[in-house]
Every structure is written in structure tokens, then in C-alpha cells.
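Protein chains: 2
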Amino acid sequence: MGGKVGDRRAQLVDAAVDYVAAYGIGDLSLRGLGAAIGVSHRMLIHYFGSKEQLLVEIVRTSEQRQRDLLSRLRREPGVSPIDAARLLWRQLTDPQLANQERLFFEIYGQALRGRPEAVPVLDNLVTDWLEPLVAAEVAAGADPATARNRARLGLATVRGLLLDLLATGDRDGVDAAMEEFLRLYYGSE
Amino acid sequence: MGGKVGDRRAQLVDAAVDYVAAYGIGDLSLRGLGAAIGVSHRMLIHYFGSKEQLLVEIVRTSEQRQRDLLSRLRREPGVSPIDAARLLWRQLTDPQLANQERLFFEIYGQALRGRPEAVPVLDNLVTDWLEPLVAAEVAAGADPATARNRARLGLATVRGLLLDLLATGDRDGVDAAMEEFLRLYYGSE
DNA sequence: TCGCGAGTGTACCAATTGGTACACGGTGGA
DNA sequence: TCCACCGTGTACCAATTGGTACACTCGCGA
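In order, the protein sequence lines correspond to chains X and L. Counting along the first sequence from 1, when you hit position 8 you're at 8 in my numbering, and nothing is skipped either side. Counting along the second sequence from 1, when you hit position 14 you're at 203 in my numbering, and nothing is skipped either side.
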């Protein structure tokens, strides 16, 4: 039962992502991680070949978790753009996901620096999220060109306010700014 | 002439910030930095006491450079909010400052992780920039409460689009989204 | 029963790190 | 002139890092 190698690997990488979300990916060491998740650094090398490959898997899995959030967005069929925006906002700012969001920004920063395991995330960082937002805009009647602009703007605003929230912790202030945005975005038409 | 200790220190820290803006602060080593700016790692310790103190000065100086951008904003007396926004946007997205902006996000990421030399930036990350934006809003006739919300929103949007720009490099697409924002922000009243 | 291979631990290695000890040189003041 | 001191280089140290070698155990198939 479940003794397969892949299972063990998957279990390790999952624990590793949790650890990294909590303690950061920057100064991760195999020994520290191993001690935290109950395995020797020797085993991490054994299962993943090298630290770099382990990091690749960590980044990929962390990305996958973000994508799971996204899929919840995408799966709502007839959701209006404003509801999509609110939903996105509420999900991203769930305190339980704070660590995951911090990790997002940390990986982003390292990707900008060219850290090889992190760089690939830059490709999908914007486009992946744009797609469902554009779809919601178009469904709501915007023409495709402005739909793209509006979606891009909405995504950027959400992320900028998330950055604010993580820095200041001022949930009320940031929520108020978000409401102001929604008013501008949907209220004036 | 000019042989004062402080001068040498200041010169070193300035070169260090340039180096860090180009190569990142994450895996900085005294030897690597020293070799790049023409000084032995021994001297960096001599002038700064420890790597940590050097990093503190690097972060502080990098913050100061951001603040210089800010002061140019603040010094415009009767600038309308929309012009302030455009000015801010154009300055932040100047390709010559790309490295500096990357460093901003990198330091932010590390600050979220609790890296001691970076954490202090979180305090002023939002509030410092809010002040002149709020002032511009109030001067343009907004009541103080919504002025604060609008300023916070504008700052977040600018940063979110900057994140997009650094990730995708799609200047045209991001500029278009910015224009869409300005239309919403100022056009509908 | 035997043996083989996967999973694991211990010990080790080379490289890199921040930091220190000490020695040398030059410049300015007594 | 000579002495003190600042700036600098070289050599070194201890700690930590990723990665490897080898030995051991345990379960399963022949």
C-alpha cells in the first residue's frame, strides 16, 4: 500500500513546499529542510538528485497551488466580472494563504534575479491569470481589446494591493481601496 | 584631499548598491562584491564591521534612491493628480531604473521573509508614498477619506503594473492598461 | 534459504562563507 | 628623524554547504 517511490517523493515535496512557504526559499538548506520534515539531507539528494532539482519541484508545486486557486475562478460559469474580482480578492487575501502569497512574492523576486529554478514562473505569471479575467470581461460585453486592458489592470491592482496588505497588514485600509477600485471599475458605466 | 573615512565608506556603499542592483542581494558574498568593486573582502569588514551592517547600509541607500524619485514627485507644487500619476509611472518604468526596481521587489520579498536588514523597509513602503499622492488628491478636491483610498489604490496599481512589466517586458500592453486605469480614475467624474 | 535491491544512516569531502591575526607601507605630526 | 596610526594585503580559521562512499537493514521473489 502506497509504498511506491513516487508517493514518497510527492509526500516529501509537499512537506517541502509547506516548509518553504513558512521559512522562505532563499536560504534553504537541505539539512535544515530535512530536519524539519523528518528526513536526512542524504535522502533528499537520493530522491531528487540535487538541491536544484528539488527546488524546481518546489517551485512547480507552489505554482500548482496558485493554479488551484485560479481554477476555482475559472470554473464559475456565469460569474460577473465584479464577482470574479471580489472572489479573486477574497481568496488571495485569506489569512491562511498568507504564507503562500509571501512565497509568491519571494519567488518572483528571485526569478527577476535570474535564479534558474524560479525564472520559468515569469512566463505564466501574468498570462495564465489574464485568460479567465478576459473571458469574464468579454462575457460581460466588453470588446476584446479593452477587455484585455481591463483584465490586466484588474490583475495588477489586486496584486499591488496584496503587496500592500502583506507589507502593512492593514486589512481594512486595503479592503477600502479595493472597494474604491470596484466602484471605479464597474460603478461608472 | 578627500581622504576622510566617511568618504571612502560612502563611495564603497554606493558601488555596492550598484552591484547589488545588478546582481541581486540574495546570494551576495563579500568576496564577490569586493572583487567587483575593486576591494578585498577584508576591507569591507574593516569599513562596515560585518556583512550584516553593510547590508543595512545597502538597503538604506537603495531606499534613499527610491526616495529621491519620490521627492521629485513631491516637489511639483500644483501638479494635478493625473499628471502626478503619469509622472510617477513614467519615472518608475524608465528602463534605466529597471535594476533598481528589480532590487525593490527583491528586497521586499526578503523583508516579507523576515530578513533583518530588509524588514525595516516594510514600514515606509506604503505610507511614504501615500502622503504626496493623498496631498495631490485633496488638492484636486477629493474629501480626505476617499482621497486616502484613491491614493492607496493608485499606488497599488502602479506597483502591480510594474510587477507585470518586469515579468513580461510587455511595455505596450502594460502602458495600455495604465491608460485604461487613468481613464477610469479621472475620466468618469 | 538465499540473495538482491530499495531505502536509510553515518561519515566524510571539497568548496565557499564570514570573520580574524598579523604584517607591511606610507603619511603626517613631534 | 622617528614614531604612531590608518589603510591594505595575505594567510588563516571555523562553520556551513551540497554532494558522495560505504555500510547496514529489511522485504520479496527464486
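Virtual Cβ for every residue (Gly too), placed ideally from N, Cα, C.
Out of the options, point me to the one whose CA is closest to residue i's CA.
i	options	result
Ser239(L)	Arg220(L), Ala300(L), Glu252(L) and Phe293(L)	Arg220(L)
Ala356(L)	Ala287(L), Ser260(L) and Leu311(L)	Ala287(L)
Leu70(X)	Leu130(X), Glu137(X), Leu165(X) and Leu153(X)	Leu130(X)
Gly169(X)	Val315(L), Ala329(L) and Arg339(L)	Val315(L)
Ala145(X)	Val308(L), Gly362(L) and Ala340(L)	Gly362(L)
Ala340(L)	Leu161(X), Gln53(X) and Arg150(X)	Leu161(X)
Asn124(X)	His235(L), Leu354(L), Arg197(L) and Gly215(L)	Leu354(L)
Asn300(L)	Arg102(X), Glu117(X) and Ser29(X)	This sequence places Ala at residue 300(L); Asn is not what is there. When only C-alpha atoms are compared, the closest one is Arg102(X).
Asp216(L)	Glu295(L), Gly330(L), Arg261(L) and Asp317(L)	Glu295(L)
Ser269(L)	Ala325(L), Gly376(L), Asp203(L) and Asp257(L)	Ala325(L)
Pro120(X)	Leu55(X), Tyr19(X) and His46(X)	Leu55(X)
Gly213(L)	Asp94(X), Arg113(X) and Ile58(X)	Arg113(X)
Arg8(X)	Ala142(X), Leu163(X) and Met43(X)	Met43(X)
Gln200(L)	Ala224(L), Ser218(L), His230(L) and Tyr236(L)	Tyr236(L)
Glu179(X)	Trp89(X), Ala139(X), Val138(X) and Gly141(X)	Trp89(X)
Glu57(X)	Leu163(X), Val13(X) and Val138(X)	Val13(X)
Asp257(L)	Asp317(L), Val209(L) and Val327(L)	Asp317(L)
Val327(L)	Glu241(L), Ser218(L), Ala273(L) and Val228(L)	Ala273(L)
Glu52(X)	Ala118(X), Gln91(X) and Gly141(X)	Ala118(X)
Gly62(X)	Tyr19(X), Ala142(X), Gln91(X) and Arg72(X)	A quick correction: the sequence has Ser, not Gly, at residue 62(X). Closest option to Ser62(X), Cα to Cα, is Tyr19(X).
Ala140(X)	Gly78(X), Val39(X), Gly187(X) and Gln100(X)	Gly78(X)
Leu276(L)	Gln285(L), Arg261(L) and Arg360(L)	Arg261(L)
Assuming residue i and residue j make a contact with CB atoms under 8 angstroms, what is their CB distance in whole Å?
i	j	result
Arg148(X)	Val134(X)	6 angstroms
Arg74(X)	Pro132(X)	4 angstroms
Ala345(L)	Thr157(X)	6 angstroms
Ala22(X)	Ile37(X)	Not a contact, Cβ separation roughly 11 angstroms.
Tyr374(L)	Gly343(L)	7 angstroms
Phe293(L)	Gln255(L)	7 angstroms
Ile234(L)	Leu371(L)	Contact doesn't hold; Cβ gap of about 49 angstroms is too wide.
Arg159(X)	Leu311(L)	So it is not a contact: roughly 17 angstroms between Cβ atoms.
Grab the span of the alpha helix (DSSP H) containing residue i for me, first residue to last.
i	result
Ser239(L)	Unbroken run through Ser239(L): none, as it is neither H nor E.
Pro333(L)	Pro333 to Thr357
Arg380(L)	In the structure as shown, chain L starts at 190 and stops at 378, and residue 380(L) therefore has no counterpart that could be examined.
Glu179(X)	Arg171 to Leu182
Gln285(L)	No alpha helix (DSSP H) contains Gln285(L), which DSSP labels as neither H nor E.
Pro120(X)	Element bounds for Pro120(X): n/a, residue is neither H nor E.
Gly141(X)	Gly141(X) -> no alpha helix (DSSP H), and no H or E assigned at all.
Gly34(X)	Leu30 to Ile37
I'd like to confirm something about residue i: is its beta-carbon nearer than 8 angstroms to some heavy atom of the ligand ATP, or not?
i	result
Ala331(L)	Ligands displayed in this structure: none; no statement on the ligand ATP is therefore possible.
Residues in the region 89-112 of chain X having any Cβ partner in chain L nearer than 7 angstroms: Arg102, Phe105, Glu106, Tyr108, Gly109, Gln110 and Leu112
Members of the region 203-227 of chain L that neighbour chain X once the beta carbon cut-off is set at 7 angstroms: Gly213 and Gly215
Interfacial residues, the region 134-151 of chain X to chain L, with Cβ spacing under 8 angstroms: Thr146, Arg148, Asn149 and Arg150
Residues, ordered as in the chain, of the region 160-173 of chain X that lie near chain L by beta-carbon distance below 7 angstroms: Gly160, Leu161, Leu163, Asp164, Leu166, Ala167, Thr168 and Gly173
Residues of the region 55-89 of chain X with Cβ closer than 9 angstroms to any Cβ of chain L, in chain order: none
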